[in-house]
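Below is one structure, written out as structure tokens; comments come after it.
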Amino acid sequence: MTVQIAVIDDWQDVARDVVDWSVLDSLGEVTFEHDYPADNATIAARLHRYEVICVMRERTRFDADLLKRLPRLKLLVTGGMRNAALDMPAAAALGIKVCGTDSYKHAAPELTWALIMAATRNLLNEANALRAGGWQQGLGGDLHGKTLGILGLGSIGQRVAQFGQVFGMRVIAWSENLSAERAEQTGVTYVSKQQLFEQADVLSVHLVLSERSRGLVDSQALAWMKPTALLVNTARGPIVDEAALIKALQKQQIAGAALDVFEHEPLPALHPFRTLDNVLATPHVGYVSRQNYEQFFRQMIEDIQAWAGGEPVRLLN
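Numbering (my numbering), first residue to last: 64 to 380.
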């Protein structure tokens, strides 16, 4: 049995070295694809020969049209147990199995806090100035005694809330599903949506992207924020109305934004987020850590082996 296996979305060309893929040699041939997403015709031409495709969570979109263009495809394996870029009903209708993996739970909260610290203390400008021969460019901000607003108090939001508490911050939270009782269990104060945006010195987004959360941080929410406030988004780009945020930043309606996720990824070359002085932007690296990749790829291999043995594990459909 020789199965053609593709590991795609390997934008950094690291997948082959994170784990030992040779354990699949007896099953088939593994190929690593480094290209960015494209139109469906281009992707189909690139992937038409594969029976198994391993995808990184929400990098390449597999909609019904693309899945129909891949008649050899039998198994999709994704990093994580949720992937909004995969059309699950279409996969099921076509008989394509979809399996996932566990995730390392600390990578995204740690990156979130790194962005908060870097933006608050103006670390990027200070570090760049030092490299250029300069010294001490301005005054950094402080976190102790300030208010941290958490939009979405799930597992990642809870961890970020804990970081804020350790730093001596008052922590408040809101989401449509959050109750005062559940917030209190983690030592967080439940507030209304408007109060969250009005009171937060740092507002950090930790919602799952859905039709309900898409565009939730809109021009009205941004207008509620303090002119000294920082907006942080390491969840999903479309949760924030990008045009509204750009306008707010250009007008200095808020002090700044620290962003790891964007409406379109990779971020277009001429996008304002690449040049605005009050934006600290990173290329969606919240989950890009060695431990997380090791877990993703190790369990992808396990998923492929289980599927080949006729007993798929960690099925998403």
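Ideal placement from N, C-alpha and C gives every residue a C-beta, glycine not left out. Source: prediction; values computed, not measured.
Within 8 Å, strictly: CB atoms of residue i and residue j
i    : j    : result
V81  : E357 : yes
A78  : F360 : yes
A321 : V66  : no
V280 : D264 : no
K137 : E114 : yes
A299 : L272 : The displayed chain sequence assigns Arg, not Ala, to residue 299. Yes. Within cutoff.
P346 : P329 : yes
D73  : E92  : no
M180 : L211 : no
L216 : A243 : no
L178 : L343 : yes
Exposed unless 16 or more other CB atoms sit within 10 angstroms - verdict on residue i
i    : result
T291 : exposed
R112 : exposed
K168 : exposed
P301 : buried
T105 : exposed
T141 : buried
Q283 : exposed
A182 : buried
G163 : buried
E121 : buried
S238 : buried
Q248 : exposed
S276 : buried
Y88  : One detail in the question is off: residue 88 reads as Asp in this sequence, not Tyr. That one is exposed.
D83  : exposed
G319 : buried
L241 : buried
L294 : buried
Other residues of its chain near residue i: CB distance less than 7 Å, five sequence neighbours each side excluded
i    : result
A219 : The displayed chain sequence assigns Ile, not Ala, to residue 219. Excluding residues within five positions, the ones whose Cβ falls inside 7 Å are A171, P172 and H269.
P335 : I309
Q86  : Residue 86 is actually Val in this sequence, not Gln. Once the five neighbours on either side are set aside, the close Cβ partners of V86 are I364.
L133 : A107, L110 and H111
Residues of its chain near residue i, where Cβ-Cβ distance is below 8 Å and the 5 sequence neighbours each way are ignored
i    : result
Q228 : V234 and G250
Q315 : P290 and N341
S166 : G142, G143, M144, Y350, N355, Q358 and F359
V118 : I71, D72, F125, L139, V140, T141, G142, N146, A148 and L149
H207 : F230, G231 and M232
T123 : I71, D72, P100, I106 and A148
The beta strand (DSSP E) enclosing residue i, as first and last residue numbers
i    : result
T210 : T210 to L214
T94  : G91 to F95
W16  : The structure shown does not extend to residue 16, since the chain is modelled only from 64 to 380, so the question has no answer here.
I309 : That residue, I309, is in no beta strand (DSSP E); its alpha helix (DSSP H) goes E305 to Q313.
G319 : G319 to L322
T141 : L138 to T141
W237 : R233 to W237
I68  : V66 to V70
Residue interval of the alpha helix (DSSP H) (run including residue i)
i    : result
W16  : Since the first and last residues shown for the chain are 64 and 380, residue 16 lies out of range.
L174 : A170 to T183
K160 : Looking at the DSSP string, K160 is not in any alpha helix (DSSP H); the run it does join, the beta strand (DSSP E), is K160 to C162.
Close beta carbons around residue i, own chain, < 6 Å, minus the five adjacent residues each side
i    : result
V223 : P172, T175 and S267
F260 : A284, W287 and M288
L379 : V161 and G163
Y253 : A243 and A246
D323 : T297, T345, H347 and G349
F325 : G300
Minimum Cβ-Cβ distance from residue i to chain D less than 8 Å
i    : result
G220 : Although the question refers to chain D, the structure presented lacks it and comprises just one protein chain.
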